[in-house]
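**Q** Here it is, the structure, as C-alpha cells.
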Amino acid sequence: MALLMQLTHTHASRCGLRLKLFPHIRRTLIRRRSMAEDITRLDFLVIGGGSGGLAGARRAAELGAVTAVVECHKLGGTCVSKPLPHINLGSYFVHCPTAPPGHFIVSLCFINATLKAKRDAYVSNLNRIYRNNLDKSKIQTIQGDAKFTNNPEPTVEVNGKKYTAPHILIATGGRPSALSEEEVPGASLGITSDGFFELESLPKRSVVVGAGYIAVEMAGILSTLGSKTSLLIRQSGVLRNFDSYISTNCTKELQNSGIDLWKNSEVKSVKKTDSGLELAIATKDLEKKNDEEKISTIGQVDCLLWAIGRQPNTSGLNIGGIGLETDERGHIVVDEFQNTSRPGIYAVGDVCGKALLTPVAIAAGRKLAHRLFEGKKDSKLDYSCIPTVVFSHPPIGTVGLTEEEAIQTRGKENVKIYKTSFTPMYHAITSRKSQCIMKLVCVGKEEKVIGLHMQGLGCDEMLQGFAVAIKMGATKSDFDRTVAIHPTSSEEFVTMR
Amino acid sequence: MAALWKGRRRWKTNNYFKVLARSLTGKYEYDYDLVVIGGGSGGLACSKEAAQLGQKVAVLDYVEPSAKGTKWGLGGTCVNVGCIPKKLMHQAALLGTAVKDAKKYGWQIPETLSHDWGTMAGAVQNYVKSLNWGHRVQLNDKKVKYLNMKGSLVDENTVKAFTKAGKETTLTAKNIVIATGGRPKCPTNIPGVEHGITSDDVFWLKNSPGKTYILNVYSSDVGLECAGFLTGIGLDATIMVRSVALRGFDQQMSGLVTDYMEAYGTKFAWKCVPRRIDKLPSGALQVTWTDTQTDSQHQDTYDTVLWAVGRAPETKALGLDKLGVQLNKETGKIIVGADESTSVPNIYAFGDIGEGRPELTPTAIKAGRLLARRLAGQSTQLMNYDNVPTTVFTPLEYACVGLSEEEAERRHGKDGIEVYHAFYKPLEFTVAERDASQCYLKVVCESSGNQKIVGLHFTGPNAGEVTQGFALGFQCGATYSDLLNTVGIHPTCAEEMTKVHITKRSGLDPTVTGC
Numbered sequence: 001m002a003l004l005m006q007l008t009h010t011h012a013s014r015c016g017l018r019l020k021l022f023p024h025i026r027r028t029l030i031r032r033r034s035m036a037e038d039i040t041r042l043d044f045l046v047i048g049g050g051s052g053g054l055a056g057a058r059r060a061a062e063l064g065a066v067t068a069v070v071e072c073h074k075l076g077g078t079c080v081s082k083p084l085p086h087i088n089l090g091s092y093f094v095h096c097p098t099a100p101p102g103h104f105i106v107s108l109c110f111i112n113a114t115l116k117a118k119r120d121a122y123v124s125n126l127n128r129i130y131r132n133n134l135d136k137s138k139i140q141t142i143q144g145d146a147k148f149t150n151n152p153e154p155t156v157e158v159n160g161k162k163y164t165a166p167h168i169l170i171a172t173g174g175r176p177s178a179l180s181e182e183e184v185p186g187a188s189l190g191i192t193s194d195g196f197f198e199l200e201s202l203p204k205r206s207v208v209v210g211a212g213y214i215a216v217e218m219a220g221i222l223s224t225l226g227s228k229t230s231l232l233i234r235q236s237g238v239l240r241n242f243d244s245y246i247s248t249n250c251t252k253e254l255q256n257s258g259i260d261l262w263k264n265s266e267v268k269s270v271k272k273t274d275s276g277l278e279l280a281i282a283t284k285d286l287e288k289k290n291d292e293e294k295i296s297t298i299g300q301v302d303c304l305l306w307a308i309g310r311q312p313n314t315s316g317l318n319i320g321g322i323g324l325e326t327d328e329r330g331h332i333v334v335d336e337f338q339n340t341s342r343p344g345i346y347a348v349g350d351v352c353g354k355a356l357l358t359p360v361a362i363a364a365g366r367k368l369a370h371r372l373f374e375g376k377k378d379s380k381l382d383y384s385c386i387p388t389v390v391f392s393h394p395p396i397g398t399v400g401l402t403e404e405e406a407i408q409t410r411g412k413e414n415v416k417i418y419k420t421s422f423t424p425m426y427h428a429i430t431s432r433k434s435q436c437i438m439k440l441v442c443v444g445k446e447e448k449v450i451g452l453h454m455q456g457l458g459c460d461e462m463l464q465g466f467a468v469a470i471k472m473g474a475t476k477s478d479f480d481r482t483v484a485i486h487p488t489s490s491e492e493f494v495t496m497r
Numbered sequence: 001m002a003a004l005w006k007g008r009r010r011w012k013t014n015n016y017f018k019v020l021a022r023s024l025t026g027k028y029e030y031d032y033d034l035v036v037i038g039g040g041s042g043g044l045a046c047s048k049e050a051a052q053l054g055q056k057v058a059v060l061d062y063v064e065p066s067a068k069g070t071k072w073g074l075g076g077t078c079v080n081v082g083c084i085p086k087k088l089m090h091q092a093a094l095l096g097t098a099v100k101d102a103k104k105y106g107w108q109i110p111e112t113l114s115h116d117w118g119t120m121a122g123a124v125q126n127y128v129k130s131l132n133w134g135h136r137v138q139l140n141d142k143k144v145k146y147l148n149m150k151g152s153l154v155d156e157n158t159v160k161a162f163t164k165a166g167k168e169t170t171l172t173a174k175n176i177v178i179a180t181g182g183r184p185k186c187p188t189n190i191p192g193v194e195h196g197i198t199s200d201d202v203f204w205l206k207n208s209p210g211k212t213y214i215l216n217v218y219s220s221d222v223g224l225e226c227a228g229f230l231t232g233i234g235l236d237a238t239i240m241v242r243s244v245a246l247r248g249f250d251q252q253m254s255g256l257v258t259d260y261m262e263a264y265g266t267k268f269a270w271k272c273v274p275r276r277i278d279k280l281p282s283g284a285l286q287v288t289w290t291d292t293q294t295d296s297q298h299q300d301t302y303d304t305v306l307w308a309v310g311r312a313p314e315t316k317a318l319g320l321d322k323l324g325v326q327l328n329k330e331t332g333k334i335i336v337g338a339d340e341s342t343s344v345p346n347i348y349a350f351g352d353i354g355e356g357r358p359e360l361t362p363t364a365i366k367a368g369r370l371l372a373r374r375l376a377g378q379s380t381q382l383m384n385y386d387n388v389p390t391t392v393f394t395p396l397e398y399a400c401v402g403l404s405e406e407e408a409e410r411r412h413g414k415d416g417i418e419v420y421h422a423f424y425k426p427l428e429f430t431v432a433e434r435d436a437s438q439c440y441l442k443v444v445c446e447s448s449g450n451q452k453i454v455g456l457h458f459t460g461p462n463a464g465e466v467t468q469g470f471a472l473g474f475q476c477g478a479t480y481s482d483l484l485n486t487v488g489i490h491p492t493c494a495e496e497m498t499k500v501h502i503t504k505r506s507g508l509d510p511t512v513t514g515c
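Just so you know, the sequences run in chain order X and H.
Per UniProt numbering, the very first residue in the first sequence carries number 1; after that it's consecutive.
Per UniProt numbering, the very first residue in the second sequence carries number 1; after that it's consecutive.
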C-alpha cells in the first residue's frame, strides 16, 4: 500500500511537473477533458433528414440503435419539399381535360396560386408526418448545419454542440447546379427547380435550359399549363443517357406538344429589361463544319429556368478535413456497402451521385441499417435493374440496359431487340394524339430481358410489375407465356412479335 | 344473263366432280385447310395465324341482330359491344371526374358541367367502325377469305353458309374451328322483359339512355361497368343485385369496388329481384321489384332497363347436335379438351364458346393462335389457362391475377397463406381532395417456404396498366421477397406493391403513411 501511494504520488508530481514546464500540453489535457463532457455519444448519427437519411435512421432505431438526425431545413428533403410530388401532381392532371370524348364548353384557365397553396399544404403535412414518425421512433432531431470537426474520432458539430457515434451516415443529398456570372453574365436572373415551386403565378413566357429529365418535366408542365415555353438544349436531343428510341421519341413529343425546342444552343448572356428578361442565345449550325454560331434573342421572358444538372451538398461539411474521397464532381465515393474511404462513415443517396432516386436512397439507407445494427454482413442494395420514370408528357418508363449499353457489353450478335409503337386507345376519339413506344432489349439464346424502355400514357404505372419480373430474370418467352390484360397499353409488352 | 347462268352451272358441275372425286379416290381435296366460324377476337387471331403459316383459310362472320335490332360489323363482341366501347365510355366517365378535380388544381371550370351522349356515342361508334374496316383490311392482307355469312356444320369437313339474303355456299375444310362466342342473356321469367336492352344495344344507342335500371346477376361485371360509366357521365343509374356482385372474384375486393361506386353516386339495390316491367303511356318503364330481405314490394320509373344477367353461347344455328358435338347440359357451351378439340374429330372450339374457358379476349386470341400452329403442324404447345390476369373497368378499377383470398384459403388452409395488404392513397387524389378509402392492394402468399405469391389484387386508377407486369412476375413464380427486393418507382401507385409489409394476421393498421 505504501509503495502504491508512493508511486502514485510520484506520477502525479511528474504530471504536475510536466504541466508546469509545458503549458500547451496542459491546455490540450484540459480541452480533452472538457470535450469528453460536451460530446454527445450516439450509436448512429445521420446527417441529412431526406429520403435516405430518414429511412436509415428509422430502421436503425427499430433495430435498437440510439439515433439522431441532423437537418438544416425541413424534414423530408428534396423528394418531399421539391420536385417529385409536385411534378406528378401537375403533370398527371394537365393531360386530362384536353379534348375529352364528351362535349362541353369550358374555358380552361390555370391559376397557379390555387395549386401552390394546396401543394404547400400537402408538403407541410408531410413534413409534420415525418417529424411525428421520428418522435415516435425516439430519434432525436437536431436542427442546424452539420460540420465534421478535427477530432481524432469522427465528430460532428451542430450549433456549437458536438456529437459522435461509431457509425455516421452522410445523406445530405444534392441541389440544382447553377452557372456563375463569369460563365454566363446575368445567370443569377434565372431560377432553378428549387425556385420553380415557389412561383406564385404561371409565367407567360418561359425558357428552360437543360436536356435532362428535370428540364423535360419542367418544360412539359409549364407548356401544358399555358406558358409559352422554349427549351434550350446543347445537342440535338433530350435525355441522351436514355435509350436512343426514348430520346428520339421524347424530343419529338416535346415539339409536337408545342414546346419551342432550340437544339445545339446555349445561353450566352441574360439581361433584365422593362418587359422581362432578354436572353442572347448561340446556336451551332451543324451543317456548316466550322464552329460558326448564330446569335439569336428571346425577349420578354418572365421565367428563365436552369435545369442543367445537380451537384452534391457537401460544402460546409468539411469532408475534406476528415479525408473522405470524392469524385471529380464532388460526390462522396462509396463501395457497394455504402462505406466511404473512412471507416465508420457511410453515405447514401444523391450525395453519392449514383441512381438519384428516392426509393434507391431509402433502400440503401435501410440495407445499411440492417448491416450495422442487425449483423447482416452482406446487407447491401443491388443497384442493377432499378426502374425509373420520367414524368414527361406522356411519361417514360425505363429499367435495365439501353440497346447501346447491351451491344457494348454483350456484343451485337448476342442482342435481340423487340419494338412496337401504336396510338393508345385513349386517343381513339381525341383530336390530339400521342404515341406509345415500347422496346425490349434481350440477350443470349434464351433471350433474357435485360432492358425495357417505353414512353406513353400509363407508362409510369406500368413499369413497376415489369421491373419485378426483369429483376427475377424474365425471358422473352416468359413475356409471351403471360396472358394479356385487355384493353390496356401494357398488354402490348406480352404480345410483342 | 346467259353468262351468269352458264357460270352457275359450271360451279355446280365443278362441285359435283369434286365430291365425286373425293368419294371415288378416297383422296380429299378440300376447299380450305381451315374454316373458322366466327370473326371475333379468337376467330380472327386463329385464321390470321393459320394463313401466315401458309394454310388456306376462310373465316365466316355473321351478326344476328339483337332483339332491339342492333347489329355491327366484323370483329366480334370485344370490338363492337364489349371491351372497346366499354373502355372508351369508362374513359369518358373518368374524364368527367378529372374535370371536377381540375378546379382543385387551379383550372377555372364552370360550376355546372354537362355531358352530351350523342357526341360520345357517335365518336365511339365511328371508332368501332374504323376497327371493323381495319380487320377486313388485315384479313385481305393476310389472304384470309372473309365471308359475311352465317355458317353451320354439315359434316366434320363441310360447312354450309348463308348470306342475309339467303344465298347459300358450301365450303369444305380439313379442319373446322368454331369461335362463335356468346350473346347476352335476358331473364326468362319477368313479364315485360322485351322492354329491356342488353350490352349489345347500350353502346349503339343514338340517344342517351337517361335514368337507367340495371339488373346484375351472376358474375356479371358488365352490369357494374355500365352502371359505373353511366353514373360517371351524369346519369341516374340504379343497379339491382340479387346476391353478390362479381361472384367468383375476391369478395373483399368486390366490396371495395361497389363501395366506391356507391360513394360516387351509383344506386345499389341489394338482395332485390325485379318482378315486372311495364311500359307507361309516356314511354317510360316502370320497374316493380321485391326486396327479399324485407319481402316488400317497390316501384320506380326509368327511361331504360338494361339486362346484365350473363351470356349464352352462340350454338343454335350451328347444327352441332346433328354431328354429335357434345355440349355442357347446363351452360350449353361446347365441351372441349385441353387442345380445344370437341367430341368430333377435325372440329375444334375455343373462346367464349368453350366450356370452362375464361370469357376474355386475350385468352381467345392466344388459344386461337396456338391452335392454328398445332393444326398447321408447327407446334404442339397447348394453351395455358392458368394465371390469367383480368381487370374490371368499374370507376375504381380492379385488377387481379391468381387466386382470390377465399380460394387460396380453401386450397391451402387459413394457416397455409399469408396475406400482405395496404390501403394507399394515389398522390393525384390528395390535391383533388378525393376519398381514397377503397384504394387497396393485397398479395396472397403461401405462408411456408419462400412465400410464393398465389394471388395478387389491386384496386385503384389504371389498375390494368399496373397489374400486367405483376402478372408477368406471377407467371415467373414470384415470391413475396421478389416484390420487396425490387426498388419502387416513386411516386406511383404501383410502387406500393413493392412496399407492402403489413399482414392481415398481425391485425395492424395497413394504411400507408409516407415513405
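Note that beta-carbon positions come from the ideal geometry of N, C-alpha and C, so glycine has one too.
(1) Since Ala171(X) meets chain H, which of its residues come closer than 8 Å, beta carbon to beta carbon?
(2) Buried or exposed, going by whether 16 or more other CB atoms sit within 10 Å of the CB of Phe474(H)?
(3) For Met462(X), which residues in chain H fall below 9 Å Cβ to Cβ?
(4) Counting only Cβ pairs nearer than 9 Å, list the residues of chain X close to Cys83(H).
(5) Just the C-alpha distance for Met89(H) and Ala68(X), rounded to the nearest angstrom, thanks.
(6) Measure from the alpha carbon of Ala45(H) to the alpha carbon of each residue in Arg373(H), Asp509(H), Ser506(H), Ser447(H), then state which is nearest.
(7) Can you check whether the C-beta of Tyr62(H) is within less than 7 Å of a C-beta belonging to chain A?
(8) So, helix, strand or coil for Asn313(X), using DSSP?
(9) What residues from chain X crowd round Met497(H), counting only those whose CB sits closer than 9 Å?
(10) Taking all protein chains shown into account, do 16 or more other C-beta atoms lie within 10 angstroms of the C-beta of Leu89(X), making it buried, or fewer, making it exposed?
(11) Determine the direct distance from the alpha carbon of Leu153(H) to that of Ala317(H), and round the result to whole angstroms.
(12) Specify the secondary structure class of Phe44(X) as computed by DSSP and reduced to three states.
(13) Name, please, each residue of chain X whose Cβ falls closer than 7 Å to the Cβ of His421(H).
(14) Hey, which unbroken runs of the alpha helix (DSSP H) at 4 residues or more fall wholly within the segment 142-221 of chain H?
(15) Where do the ends of the beta strand (DSSP E) carrying Ile470(X) lie?
(16) What separation, rounded to the nearest whole angstrom, lies between the Cα atoms of Ile308(X) and Gln252(H)?
(17) Does the distance from the C-beta atom of Leu139(H) to that of Ala161(H) stay below 7 Å?
(18) Mind checking which residues open and close the alpha helix (DSSP H) that includes Val79(H)?
(19) Please list the partners that residue 508(X) has in chain H, where partner means a Cβ-to-Cβ separation under 7 Å.
(20) Taking just the CA atoms, how far does Ala399(H) sit from Leu224(H)?
(21) Cβ atoms of Leu215(H) and Met240(H): under 7 Å apart, would you say?
(22) On the CB-based measure, 16 or more other CB atoms within 10 Å of its CB, does Arg59(X) come out buried or exposed?
(23) From the beta carbon of Pro510(H), is the nearest beta carbon of chain X less than 7 Å away?
(24) Please tell me whether Glu403(X) and Asp291(X) are closer than 7 Å, where the distance is taken between their beta carbons.
(25) Rank Val466(H), Pro426(H), Cys445(H) by C-alpha distance to the C-alpha of Thr511(H) and give the top, closest one.
(26) Among residues of its own chain, excluding the 5 on either side of Lys143(H), which ones have a beta-carbon nearer than 6 Å to its beta-carbon?
(27) Measure the CB-CB distance between Val305(H) and Thr290(H) and report whether it falls below 7 Å.
(28) If we require 4 or more residues per run, which alpha helix (DSSP H) segments fall completely within the segment 385-424 of chain X?
(29) Check whether the segment 319-327 of chain X and the segment 292-308 of chain X touch, using three or more Cβ-Cβ pairs below 8 Å as the test.
(30) Would DSSP call Pro85(X) helix, strand or coil?
(31) Which residue comes first and which comes last in the alpha helix (DSSP H) that contains residue 521(H)?
(32) Can you name the residues of chain H whose CB is closer than 7 Å to the CB of Met472(X)?
(33) For Met5(X), I'd like the list of residues in its chain whose CB is within less than 7 Å of its CB, leaving aside the five on either flank, ordered along the chain.
(34) Let me see if you follow: with CB-CB separation under 7 Å, is Ile502(H) close to chain X or not?
(35) Just list the alpha helix (DSSP H) runs in the segment 481-512 of chain H, keeping only unbroken ones of 4 residues or longer that don't cross its boundaries, in chain order.
(36) Rounded to the nearest angstrom, what separates Tyr418(X) and Thr409(X) at their Cα positions?
**A** Quick answer:
(1) As a first step, residue 171(X) must be located in the first sequence, where it is residue number 171. Simply none; closest approach about 13 Å.
(2) Taking the second sequence and counting its residues from 1, the one referred to as residue 474(H) is at position 474. Under this definition Phe474(H) is a buried residue.
(3) Start at 1 with the first residue of the first sequence, and residue 462(X) comes out as number 462. Within chain H, the residues near Met462(X) are Asn462, Glu465, Val466, Gln468, Gly469, Ala494.
(4) Numbered from 1 along the second sequence, position 83 holds the residue referred to as residue 83(H). What Cys83(H) touches in chain X: His486, Pro487.
(5) Position 89 of the second sequence, counting from 1, holds the residue named residue 89(H). Position 68 of the first sequence, counting from 1, holds the residue named residue 68(X). Going by the C-alpha atoms only, they are around 54 Å apart.
(6) Along the second sequence, one-based indexing puts residue 45(H) at 45. The shortest Cα separation from Ala45(H) among Arg373(H), Asp509(H), Ser506(H), Ser447(H) belongs to Arg373(H).
(7) The structure shown contains no chain A; its protein chains are X and H.
(8) Here residue 313(X) is taken as the residue at index 313 of the first sequence, counted from 1. Coil, per DSSP.
(9) On the second sequence, position 497 is the one that residue 497(H) refers to. Going along chain X in sequence order, the residues near Met497(H) (Cβ under 9 Å) are Gln464, Gly465, Val468.
(10) Stepping through the first sequence from its first residue, residue 89(X) is reached at position 89. Low confidence applies to Leu89(X): its pLDDT is 41, below 50, so where it sits in the model is not reliable enough to give any reading.
(11) What you label residue 317(H) is simply residue 317 of the second sequence in a count that begins at 1. What you label residue 153(H) is simply residue 153 of the second sequence in a count that begins at 1. Spanning the two alpha carbons is a distance of roughly 9 Å.
(12) Position 44 of the first sequence, counted from the first residue, corresponds to residue 44(X). Phe44(X) falls in the strand class under three-state DSSP.
(13) To locate residue 421(H), count along the second sequence from 1; it is residue 421. Under the 7 Å cutoff, chain X gives no residues; its nearest Cβ is about 17 Å from His421(H).
(14) 199-202
(15) Taking the first residue of the first sequence as position 1, residue 470(X) is located at position 470. Where Ile470(X) is concerned, there is no enclosing beta strand (DSSP E), although the alpha helix (DSSP H) it sits in stretches over 459-471.
(16) By one-based count along the first sequence, residue 308(X) stands at place 308. By one-based count along the second sequence, residue 252(H) stands at place 252. The straight-line gap from Cα to Cα measures roughly 49 Å.
(17) The residue labelled residue 139(H) in the question sits at position 139 within the second sequence. The residue labelled residue 161(H) in the question sits at position 161 within the second sequence. Contact: no.
(18) For the purposes of this step, residue 79(H) is taken as the residue at position 79 of the second sequence. Val79(H) -> alpha helix (DSSP H) spans 76-81.
(19) Missing from the structure shown is residue 508(X); chain X here goes from 1 to 497 and no further.
(20) Position 224 of the second sequence holds residue 224(H). Position 399 of the second sequence holds residue 399(H). Taking the straight line from one Cα to the other gives about 14 Å.
(21) Along the second sequence, read from residue 1 onward, the residue named residue 240(H) stands at position 240. Along the second sequence, read from residue 1 onward, the residue named residue 215(H) stands at position 215. Result yes, Cβ atoms of Met240(H) and Leu215(H) sit closer than 7 Å.
(22) For the purposes of this step, residue 59(X) is taken as the residue at position 59 of the first sequence. Arg59(X) is buried by the Cβ-count criterion.
(23) If you number the second sequence from 1, residue 510(H) lands on position 510. No, Pro510(H) does not count as interfacial toward chain X.
(24) Position 403 of the first sequence, counting from 1, holds the residue named residue 403(X). Position 291 of the first sequence, counting from 1, holds the residue named residue 291(X). Contact flag unset, no.
(25) Residue 511(H) sits at position 511 when you count from the first residue of the second sequence. Thr511(H) has its Cα closest to that of Pro426(H), out of Val466(H), Pro426(H), Cys445(H).
(26) By one-based count along the second sequence, residue 143(H) stands at place 143. Once the five neighbours on either side are set aside, the close Cβ partners of Lys143(H) are Ala51.
(27) Residue mapping note: residue 305(H) aligns to position 305 of the second sequence, counting from 1. Residue mapping note: residue 290(H) aligns to position 290 of the second sequence, counting from 1. Result no, Cβ atoms of Val305(H) and Thr290(H) do not sit closer than 7 Å.
(28) 403-410
(29) no
(30) Along the first sequence, read from residue 1 onward, the residue named residue 85(X) stands at position 85. Note on Pro85(X): pLDDT 38, under 50, position unreliable in the model; the coordinate value appears next. Note: Pro85(X) maps to helix in three-state DSSP.
(31) The structure shown does not extend to residue 521(H), since chain H is modelled only from 1 through 515, so no value can be given for it.
(32) If you number the first sequence from 1, residue 472(X) lands on position 472. Going along chain H in sequence order, the residues near Met472(X) (Cβ under 7 Å) are Gly473, Cys476, Ala478, Asp482.
(33) As a working note, residue 5(X) is residue 5 in the first sequence. For Met5(X), the predicted model reports a pLDDT of 46, less than 50, meaning its position is unreliable and no value from the coordinates is stated.
(34) For this step, residue 502(H) is matched to residue 502 along the second sequence. It does not; no Cβ of chain X falls within 7 Å.
(35) 496-499
(36) What you label residue 418(X) is simply residue 418 of the first sequence in a count that begins at 1. What you label residue 409(X) is simply residue 409 of the first sequence in a count that begins at 1. Their backbone Cα atoms lie some 18 Å apart in a straight line.
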